[in-house]
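Right, one structure below, let's go through it.
Number of protein chains: 2
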Amino acid sequence: MTQHQPDAERPEAEEAAGRSGAPAERGRGLSRRGVLGLAGATVGAGLVGFGAGMAVDRAVAGGSPDSATYPFYGTHQAGITTPAQDRLHFAAFDAAPGLDRDGLIELLHDWTVAAARMTQGRPAGKYGPASGPSDAPPDDTGEALDLPPGGLTLTFGFGPTLFRAADGTDRFGIASRRPEALVDLPRFAGDALVPAISGGDLCVQACSDDPQVAVHAIRNLSRIAFGRASIRWSQLGFGRTSSTSRSQTTPRNLFGFKDGTANIKSEDQSVVEDQVWASAGDGAGWMAGGSYLVARKIRMVIETWDRQQLGEQERIIGRDKGEGAPLSGGTEFTEPNFLAVAKDGGTKIDPDSHVRLAHPSVNGGAQLLRRGYNFVDGNDELGRLNAGLFFIAFQRDPRTQFIPIQRRLATNDLMNEYVRHVGSGVFAVPPGATEGSYVGAGLFA
Amino acid sequence: MTQHQPDAERPEAEEAAGRSGAPAERGRGLSRRGVLGLAGATVGAGLVGFGAGMAVDRAVAGGSPDSATYPFYGTHQAGITTPAQDRLHFAAFDAAPGLDRDGLIELLHDWTVAAARMTQGRPAGKYGPASGPSDAPPDDTGEALDLPPGGLTLTFGFGPTLFRAADGTDRFGIASRRPEALVDLPRFAGDALVPAISGGDLCVQACSDDPQVAVHAIRNLSRIAFGRASIRWSQLGFGRTSSTSRSQTTPRNLFGFKDGTANIKSEDQSVVEDQVWASAGDGAGWMAGGSYLVARKIRMVIETWDRQQLGEQERIIGRDKGEGAPLSGGTEFTEPNFLAVAKDGGTKIDPDSHVRLAHPSVNGGAQLLRRGYNFVDGNDELGRLNAGLFFIAFQRDPRTQFIPIQRRLATNDLMNEYVRHVGSGVFAVPPGATEGSYVGAGLFA
């Protein structure tokens with residue numbers, strides 16, 4: 001039925017060709033290992049300048065953005081300080097009822113192997129989608145076969161329920177190793193959380209400039225997890241709303257405003273060390289070099305927003321809409337002056353504006369590294385787009401960062417009239433894996 | 001509250017700068033009219049080689065794909081033979097209960113003006129998102145302010161219920177002008193249609209290489225329609241599954257197979273004339289130069305598919321997975337030989353394979369111009385991705401094209417075990433509008 005023969009015996013060099021190993025190319029005898037090897041070397045060279053585990057500049061990693069690849073193994077997981085890719089597929093998984101400690105470790109090992117392959121532009125499994133035995137299911141689903149990875153990163157996290165299930169059981173013998181920073185998020189004013197799109201034992205954040213590559217990755221990780229874990233909820237994001245590098249332009253959210261101007265940038269090494277990476281002294285030693293991910297699905301009532309006056313929109317945000325400058329004056333990157341006085345005697349920036357309440361100066365210096373995405377999930381029965389911001393933030397400790405900031409916003413932010421938090425999750429994101437080991441190995445050591 | 005002043009009096013040249021008119025750029029005194037004018041001239045020159053209303057080659061329209069623009073006005077609507085863009089936002093609208101004939105005409109006029117602007121990279125309205133009066137809502141929502149149009153096309157269609165409502169009323173005095181070709185689709189074997197994601201009085205297909213631009217367009221058309229029409233259902237597609245030009249590579253669907261190899265290509269002028277465009281002799285004269293759009297939301301049971309043997313997957317499709325060649329041999333673009341005999345005495349291509357049942361040779365020569373997209377809408381309660389193909393096809397007459405082809409597929413296609421049609425729509429897509437007029441004017445003449 002097929003021209004493909006089982007090729008378990010074909011040389012490892014051909015296997016390494018991976019996603020590029022379409023018959024036509026293989027027929028020409030093209031050796032891709034050399035090409036990939038060279039790219040790898042370039043990436044390695046780039047890393048020297050950035051420090052291990054840091055994001056690799058795209059210009060270094062490849063000729064075009066689509067061909068960017070980031071190392072999977074390293075001090076930190078990729079997908080945190082990596083320049084935010086354009087598209088997202090995020091999935092929260094629940095462990096299957098029968099899964100035990102060994103099964104969980106095996107799953108994390110299998111995910112690690114597949115993730116390391118896919119992020120380098122190779123199929124999820126050894127045979128790929130079209131080169132394995134005819135009488136077995138392919139070990140890659142194929143829709144990314146001809147696509148460059150587009151900077152794909154896969155970032156794994158552990159939810160509170162992995163450490164202790166809702167019924168109190170310690171399924172995996174790790175309850176005592178739960179980091180203190182991995183708290184259950186409190187209820188915030190106005191929360192309208194839907195349990196079906198909140199929580200999860202595990203999470204995977206897939207980011208790529210090509211949405212098909214991100215979807216392919218989540219789908220294959222879900223396929224690999226079959227019988228061991230299944231998707232609890234998932235979310236596609238079509239447009240990034242944050243920059244994580246000074247090399248990126250500031251994108252716009254669905255309020256039409258620039259978002260993430262004041263985000264932590266990967267170039268700010270000391271801020272990253274201070275606010276993003278957990279350290280050995282923080283408590284759970286196995287989390288050193290890791291981070292904590294908070295996800296919030298924030299529905300925006302865009303139809304109401306769209307009927308609001310321009311001046312009122314700008315008052316709520318605290319910035320002007322075109323340039324993104326603070327209403328105290330200047331340009332996008334001018335620091336806001338919350339004391340600047342307007343003609344009417346009030347401050348030029350409303351004290352309850354979003355820009356002020358989210359600013360480090362009113363949050364004891366606390367910041368977040370945000371990697372959010374715009375989403376549209378069809379529409380509701382009234383014809384309103386089910387649209388908004390899928391907020392993702394990384395931080396060293398949610399107790400001193402996301403939680404107090406969000407408490408302040410949830411109570412006072414003028415923007416609250418136009419947003420509703422409908423989904424939520426918090427996950428401990430372990431440090432990067434070492435080649436030959438697996439993501440989160442320290443938790444089970 | 002804002003630095004922006006009402007600028008109703010600013011010169012038309014500045015207004016024409018449109019989306020590019022961010023304060024920083026305007027501050028530098030950059031005249032964008034010249035740039036846009038030049039691009040327009042180039043497009044015009046390109047059109048001479050293609051014939052009016054034909055797709056404009058991207059290399060002609062702009063230096064990079066992102067900057068591609070296609071003319072809105074012309075013999076045919078853009079977005080049909082235009083090289084299929086990477087991303088989709090499709091929306092079906094229902095007219096508001098109180099809308100009358102004049103109101104409908106006014107809506108179509110307003111949509112035309114906004115669509116003509118947005119497809120050229122300008123804001124939906126004259127003031128744009130950030131340059132209008134502070135005490136009025138902006139006439140563009142802003143999230144595409146800094147983005148090139150990415151080849152944005154907006155294609156409008158009229159559903160059967162526009163001509164006569166479900167309750168039999170002729171709300172707009174157009175019942176007698178309903179084209180015979182605009183039939184209600186019959187029920188096909190296996191259909192599992194959900195009314196809430198089927199039908200609609202009007203439709204808009206927004207395609208762009210940038211999803212934020214496509215979403216922005218639908219959102220602004222919905223905003224403009226406020227009180228006159230509202231979204232009945234909408235669909236995002238993240239990856240195109242068809243090529244409509246020989247200049248494009250063949251993409252893959254979520255079965256992991258190349259899709260659209262045998263699609264109608266815009267370069268095949270005689271096939272396009274014969275199979276895509278309605279002509280004056282077909283019946284409804286106002287539809288000459290128009291086409292008929294069939295949309296089907298096809299859920300794929302990808303988890304079951306992923307556990308199927310590679311050989312069986314290839315038997316179902318009738319092509320090999322890697323190259324996309326027919327199982328009778330050759331390469332992707334080799335014509336399938338349905339008579340080629342395999343070693344076991346049967347045909348190399350299964351008679352019930354998808355490639356055979358969809359082939360013109362078993363459909364009396366009927367073909368479709370397909371512009372489908374892969375979608376993922378989260379997941380179901382069992383953790384299975386709610387994923388599949390949002391099928392869109394254009395044709396001269398659904399009675400002789402989509403309907404008989406789909407009847408054959410719905411009855412016999414081996415693929416049926418893995419797909420479920422859950423949404424459906426059929427729309428008459430009028431010819432292109434003339435500048436100064438509006439889309440569908442012929443229907444009301």
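Protein chains in written order, with the UniProt record's numbering: chain V, 1 to 445; chain L, 1 to 445. Ideal Cβ placement from N, Cα and C applies to all residues, glycine included. Bear in mind the structure is a predicted one, so any value in this text is a computation, not a measurement.
Check each candidate in L:266, L:249, L:204 and name the one with the smallest Cα separation from residue 230 (chain L).
As a position in the second sequence, residue 230 (chain L) is number 230, starting the count at 1. Comparing Cα-Cα distances from residue 230 (chain L) to each of L:266, L:249, L:204, the minimum goes to L:204.
Can you pull the chain L residues whose beta carbon is under 9 Å from the beta carbon of residue 232 (chain V), in chain order?
Taking the first sequence and counting its residues from 1, the one referred to as residue 232 (chain V) is at position 232. Within 9 Å Cβ-Cβ: 379, 383.
Just to make sure I have the definition right: I need the residues of chain L whose C-beta is within less than 9 Å of the C-beta of residue 119 (chain V). Which are they?
Here the question's residue 119 (chain V) lines up with position 119 in the first sequence. Those within 9 Å of residue 119 (chain V) in chain L number zero; the least Cβ separation is about 19 Å.
Who are the near neighbours of residue 407 (chain V) in its chain, counting only those whose CB is closer than 7 Å to its CB and skipping five residues on each side?
For the purposes of this step, residue 407 (chain V) is identified with residue 407 of the first sequence, where counting begins at 1. So the list reads 188, once near-sequence residues are dropped.
With 8 Å set as the bound, which would you pick, yes or no: does the beta-carbon of residue 306 (chain V) sit closer than that to a beta-carbon of chain L?
Sequence index remark: in the first sequence, residue 306 (chain V) carries index 306 (1-based). True, the Cβ-Cβ gap to chain L drops below 8 Å.
If we cut at 8 Å on Cβ distances, does residue 457 (chain L) have a partner in chain V?
Only positions 1 to 445 of chain L appear in this structure, which leaves residue 457 (chain L) out of reach.
Anything in chain L within Cβ reach of residue 449 (chain V), meaning under 9 Å, just list it in chain order.
For residue 449 (chain V) there is no data in the structure shown, the boundaries of chain V being 1 and 445.
What whole-angstrom Cβ distance do residue 156 (chain L) and residue 439 (chain L) have, given they're in contact under 8 Å?
Taking the first residue of the second sequence as 1, we reach residue 156 (chain L) at position 156. Taking the first residue of the second sequence as 1, we reach residue 439 (chain L) at position 439. Confirmed, Cβ separation roughly 5 Å.
In chain order, what residues of the UniProt region "Disordered" (122-143) of chain L put their CB closer than 9 Å to some CB of chain V?
127, 128, 129, 130, 131, 132, 133, 134, 135, 136, 137, 138, 140, 141, 142, 143
Which partner residues does residue 158 (chain V) have in the DSSP bridge list?
For the purposes of this step, residue 158 (chain V) is taken as the residue at position 158 of the first sequence. Bridge partners of residue 158 (chain V): V:202, V:428.
Under a CB-based cut-off of 8 Å, is residue 274 (chain L) close to chain V?
Translated into the one-based positions of the second sequence, residue 274 (chain L) becomes position 274. Cβ-Cβ to chain V under 8 Å: no for residue 274 (chain L).
Can you check whether the C-beta of residue 30 (chain L) is within less than 8 Å of a C-beta belonging to chain V?
Stepping through the second sequence from its first residue, residue 30 (chain L) is reached at position 30. Summary for residue 30 (chain L): the model assigns pLDDT 25, below 50, so the residue's position carries little reliability; its value from the coordinates is reported in the next sentence. No - not a single Cβ of chain V is within 8 Å of the one on residue 30 (chain L).
Contact list for residue 412 (chain V) against chain L, beta-carbon separation under 9 Å
Along the first sequence, one-based indexing puts residue 412 (chain V) at 412. Within chain L, no residue comes near residue 412 (chain V); the closest Cβ sits about 19 Å away, beyond 9 Å.
Below 8 Å between beta carbons: does that hold for residue 248 (chain L) and residue 264 (chain L)?
Within the second sequence, residue 248 (chain L) is the residue found at index 248, counting from 1. Within the second sequence, residue 264 (chain L) is the residue found at index 264, counting from 1. Contact flag unset, no.
So which residues on chain L does residue 302 (chain V) lean against when the C-beta distance must stay under 9 Å?
Numbered from 1 along the first sequence, position 302 holds the residue referred to as residue 302 (chain V). Ordered by position in chain L, the residues that pass the 9 Å Cβ test against residue 302 (chain V) are 141, 219, 223.
Verify whether the separation of the beta carbon atoms of residue 151 (chain L) and residue 208 (chain L) is less than 8 Å.
In the second sequence, residue 151 (chain L) corresponds to position 151, counting from 1. In the second sequence, residue 208 (chain L) corresponds to position 208, counting from 1. Contact flag set, yes.
Where residue 253 (chain V) meets chain L, residues with beta-carbon distance less than 9 Å
Numbered from its first residue, the first sequence carries residue 253 (chain V) at position 253. Simply 143.
Beta-carbon within less than 7 Å of residue 98 (chain L)'s beta-carbon, same chain only, minus the 5 sequence neighbours each way: which residues are those?
Indexing the second sequence from 1 puts residue 98 (chain L) at position 98. Counting only Cβ-Cβ distances below 7 Å, and skipping sequence neighbours, we find nothing.
For residue 182 (chain V) versus residue 292 (chain V), is the C-beta spacing smaller than 8 Å?
Working through the first sequence from its first residue, we reach residue 182 (chain V) at position 182. Working through the first sequence from its first residue, we reach residue 292 (chain V) at position 292. Yes, the pair counts as a contact, with Cβ atoms nearer than the cut-off.
Taking the alpha helix (DSSP H) that residue 368 (chain L) falls in, what are its first and last residues?
To locate residue 368 (chain L), count along the second sequence from 1; it is residue 368. Here residue 368 (chain L) belongs to no alpha helix (DSSP H), and DSSP marks it neither H nor E.
Which residue marks the beginning of the alpha helix (DSSP H) containing residue 354 (chain L), and which one marks its end?
Here residue 354 (chain L) refers to the residue found at position 354 of the second sequence. Taken as a continuous stretch (DSSP letters only), the alpha helix (DSSP H) holding residue 354 (chain L) covers 354-357.
Using only the alpha-carbon positions, how far apart do residue 178 (chain L) and residue 109 (chain L) sit?
Taking the second sequence and counting its residues from 1, the one referred to as residue 178 (chain L) is at position 178. Taking the second sequence and counting its residues from 1, the one referred to as residue 109 (chain L) is at position 109. Rounded to the nearest angstrom, the two C-alpha atoms are 20 Å apart.
So residue 295 (chain L) and residue 159 (chain L) are in contact, right, with Cβ under 8 Å, and what is the actual spacing, rounded?
Locating residue 295 (chain L) in the second sequence gives position 295, where the first residue counts as 1. Locating residue 159 (chain L) in the second sequence gives position 159, where the first residue counts as 1. 10 Å between Cβ atoms; not a contact.
Whose C-alpha, out of L:412, L:444, L:83, L:145, is nearest the C-alpha of residue 449 (chain L)?
Any question about residue 449 (chain L) goes unanswered here, given that chain L covers just 1 to 445.
Three-way DSSP call (helix, strand, coil) for residue 386 (chain V) in this model:
Counted from its first residue, the first sequence places residue 386 (chain V) at position 386. Correct three-state label for residue 386 (chain V): strand.
At what residues does the beta strand (DSSP E) containing residue 248 (chain V) begin and finish?
What you label residue 248 (chain V) is simply residue 248 of the first sequence in a count that begins at 1. Residue 248 (chain V) -> no beta strand (DSSP E), and no H or E assigned at all.
Against residue 146 (chain L), what residues of chain V qualify as contacts under a CB-to-CB distance less than 9 Å, listed in chain order?
In the second sequence, residue 146 (chain L) corresponds to position 146, counting from 1. 249, 250, 251, 252, 258, listed in chain order.
I'd like the span of the alpha helix (DSSP H) that includes residue 442 (chain L), first residue to last.
Stepping through the second sequence from its first residue, residue 442 (chain L) is reached at position 442. Unbroken alpha helix (DSSP H) run through residue 442 (chain L): 441-444.
Compare the beta carbon distance of residue 319 (chain L) and residue 326 (chain L) with 8 Å and say whether it is the shorter of the two.
Within the second sequence, residue 319 (chain L) is the residue found at index 319, counting from 1. Within the second sequence, residue 326 (chain L) is the residue found at index 326, counting from 1. Yes. Within cutoff.
Residues of chain L with CB closer than 7 Å to the CB of residue 239 (chain V), please, in chain order.
As a first step, residue 239 (chain V) is located in the first sequence; it is residue number 239 there, counting from the start. Here the neighbours are 211, 212.
Tell whether a beta-carbon distance below 8 Å holds between residue 234 (chain L) and residue 91 (chain L).
For the purposes of this step, residue 234 (chain L) is identified with residue 234 of the second sequence, where counting begins at 1. For the purposes of this step, residue 91 (chain L) is identified with residue 91 of the second sequence, where counting begins at 1. Contact: yes.
Chain-ordered residues of the stretch 314-325 of chain V with a beta carbon less than 7 Å from chain L:
314, 315, 320, 321, 322, 323
Do three or more CB pairs link the stretch 378-396 of chain V to the stretch 164-177 of chain V at distances below 8 Å?
no
Cutoff 7 Å; reference residue 116 (chain L); Cβ partners in own chain excluding five residues on either side:
The residue you call residue 116 (chain L) lines up with position 116 of the second sequence. Cβ within range, chain order: 72, 73.
What residue range does the alpha helix (DSSP H) around residue 103 (chain V) cover?
Taking the first sequence and counting its residues from 1, the one referred to as residue 103 (chain V) is at position 103. From DSSP, the alpha helix (DSSP H) with residue 103 (chain V) extends over 101-119.
Sort out for me which residues DSSP pairs residue 392 (chain V) with in a bridge.
Here the question's residue 392 (chain V) lines up with position 392 in the first sequence. Residue 392 (chain V) is bridged to V:295.
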